[in-house]
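In my numbering, the protein residues as written are 9 to 417.
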């Protein structure tokens, strides 16, 4: 019987993204200028080559930006303003242990840069988390491909994979946005996420673009289970890389498709991803929308009624990962206070009764119309329960994701 494919050693130094650093005596005003000049979010603080800690842009800006903050703290040394919770990796540390420590971090620190030091505690550089996520994804995909060569091997190794799957599920759930979004004074976000298996091929992300704009992305990888979940991890890395372009959904999906094609075309099996992206602009009173082979979302109007999001034949493009060079375009529609954007994956509307009838989008739309005044926090669970009740089951056959972005009155 073939042995489990070993995890190759990884030199963490090859993953270094930047080496921006200051001495511990550097004044905070100089640290603030360096953040502005480099565009970095984190700077290392050193005593000679020895690593002392990290200064975070967000914390320094808050310290100096408060009332009398600049006058009080501008000359304070950087060594007195080190952020808490900085994660350090040591050269030579096994990659599996390093990834486990990263996945165990609190959700609000997950995307913070990781510090790499040598065995003596000397600073070597910062590693971007998305580089580690990509590495983990590729390692896991290689492992799955090897296991799929033999059904017998898969069955014998299921027990060994269970721990990895639990970790993957924990990472997936920790990385999903939940509760009120940053900028809750401008918009509110709610979601329902029901994986059909231990890990899911559905993925959603809320991106705060400014105080008045937010982008909501919902994706559905073909199938569900391990392979789909691994592709969602890769998607998340791509989305983080492209977040600066997500203000315009059409070009954003075009770039996302380009990135996916570069990876998925290397595999022997067909994999594709459907996606819908909506950008709420409360200052302009407008929604921008694009989709890729995905069910069209709804716009629940505060004044009553439910509209399809602007997705005519030009906007409704093909699924991601199918056509190299596919171009996606953006549709736009006006929105008003009290309106709600609702995106979903097809696992919800494809719930089937005992006779094989689908619950379907018309039933979903009718419920949205019947409960026009119901808050999204109560509406989304009601929709999930209605679909499950129709199917007379305790679970869905496919992953289910529902996301709502409200513009409060």
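Cβ atoms here follow ideal geometry from the backbone N, Cα and C, with glycine treated the same way. None of these values were measured; they are calculated from a predicted model.
Reducing DSSP to helix, strand and coil, say where residue i ends up.
{"i": "residue 421", "result": "The displayed coordinates of the chain run from 9 to 417. Any statement about residue 421 would go beyond what the structure contains."}
{"i": "residue 282", "result": "strand"}
{"i": "residue 354", "result": "helix"}
{"i": "residue 236", "result": "helix"}
{"i": "residue 270", "result": "helix"}
{"i": "residue 90", "result": "coil"}
{"i": "residue 152", "result": "helix"}
{"i": "residue 382", "result": "coil"}
{"i": "residue 338", "result": "coil"}
{"i": "residue 249", "result": "helix"}
{"i": "residue 176", "result": "Confidence at residue 176 is low in this model, with a pLDDT of 49, below 50, so the placement of that residue should be treated as unreliable; the coordinate-derived value is given next. The answer is helix: DSSP assigns residue 176 an H, G or I state."}
{"i": "residue 85", "result": "strand"}
{"i": "residue 398", "result": "helix"}
{"i": "residue 182", "result": "Reliability of the predicted coordinates at residue 182 is poor, the pLDDT of 49 falling under 50, and no value is obtained from them."}
{"i": "residue 314", "result": "strand"}
{"i": "residue 69", "result": "helix"}
From the DSSP output, which residues share a beta bridge with residue i?
{"i": "residue 366", "result": "360"}
{"i": "residue 408", "result": "202"}
{"i": "residue 31", "result": "54"}
{"i": "residue 392", "result": "According to DSSP, residue 392 bridges with nothing at all."}
{"i": "residue 299", "result": "284, 324"}
{"i": "residue 26", "result": "134"}
{"i": "residue 104", "result": "According to DSSP, which records beta bridges pairwise, residue 104 is partnered with nothing at all."}
{"i": "residue 61", "result": "53"}
{"i": "residue 210", "result": "228"}
{"i": "residue 349", "result": "307, 413"}
{"i": "residue 216", "result": "222"}
Checking 7 angstroms against the spacing of the C-beta atoms, do residue i and residue j come in under that value?
{"i": "residue 200", "j": "residue 376", "result": "no"}
{"i": "residue 414", "j": "residue 348", "result": "yes"}
{"i": "residue 356", "j": "residue 408", "result": "yes"}
{"i": "residue 99", "j": "residue 63", "result": "no"}
{"i": "residue 291", "j": "residue 338", "result": "no"}
{"i": "residue 300", "j": "residue 325", "result": "yes"}
{"i": "residue 298", "j": "residue 350", "result": "no"}
{"i": "residue 133", "j": "residue 90", "result": "no"}
{"i": "residue 417", "j": "residue 346", "result": "yes"}
{"i": "residue 303", "j": "residue 354", "result": "yes"}
{"i": "residue 34", "j": "residue 86", "result": "yes"}
{"i": "residue 107", "j": "residue 151", "result": "no"}
{"i": "residue 378", "j": "residue 366", "result": "no"}
From the options, pick the residue whose C-alpha is nearest to that of residue i; which is it?
{"i": "residue 121", "options": "113, 397, 127", "result": "113"}
{"i": "residue 139", "options": "32, 307, 326, 24", "result": "24"}
{"i": "residue 195", "options": "60, 353, 96, 216", "result": "216"}
{"i": "residue 36", "options": "56, 245, 313, 83", "result": "83"}
{"i": "residue 30", "options": "403, 58, 345", "result": "58"}
{"i": "residue 49", "options": "123, 110, 393", "result": "123"}
{"i": "residue 341", "options": "363, 380, 286", "result": "286"}
{"i": "residue 395", "options": "382, 368, 154", "result": "368"}
{"i": "residue 146", "options": "252, 240, 115, 54", "result": "240"}
{"i": "residue 284", "options": "293, 278, 316, 273", "result": "316"}
{"i": "residue 332", "options": "270, 308, 218", "result": "270"}
{"i": "residue 257", "options": "203, 310, 238, 323", "result": "323"}
{"i": "residue 53", "options": "252, 382, 131", "result": "131"}
{"i": "residue 343", "options": "385, 311, 364", "result": "311"}
With a threshold of 7 angstroms on Cβ separation, who are the neighbours of residue i within its own chain once the five nearest residues in sequence on each side are excluded?
{"i": "residue 370", "result": "none"}
Kindly list the residues whose CB is nearer than 6 angstroms to the CB of residue i, restricted to its own chain and excluding five residues on each side of it in sequence; keep chain order.
{"i": "residue 245", "result": "138, 141, 142"}
{"i": "residue 268", "result": "328, 329"}
{"i": "residue 254", "result": "215, 223, 260"}
{"i": "residue 149", "result": "238"}
Can you find the residues in the same chain that come closer than 8 angstroms, C-beta to C-beta, to residue i, ignoring five residues on each side of it along the sequence?
{"i": "residue 192", "result": "Per-residue confidence for residue 192 stands at a pLDDT of 48, beneath the threshold of 50, marking its modelled position as unreliable; the derived number appears in the next sentence. Result list for residue 192: empty, nothing under 8 angstroms."}
{"i": "residue 243", "result": "211, 227, 229, 264, 268, 281"}
{"i": "residue 78", "result": "37, 72"}
{"i": "residue 68", "result": "36, 39, 40, 43, 89"}
{"i": "residue 95", "result": "109, 110, 113, 117, 120, 122, 123"}
{"i": "residue 66", "result": "49"}
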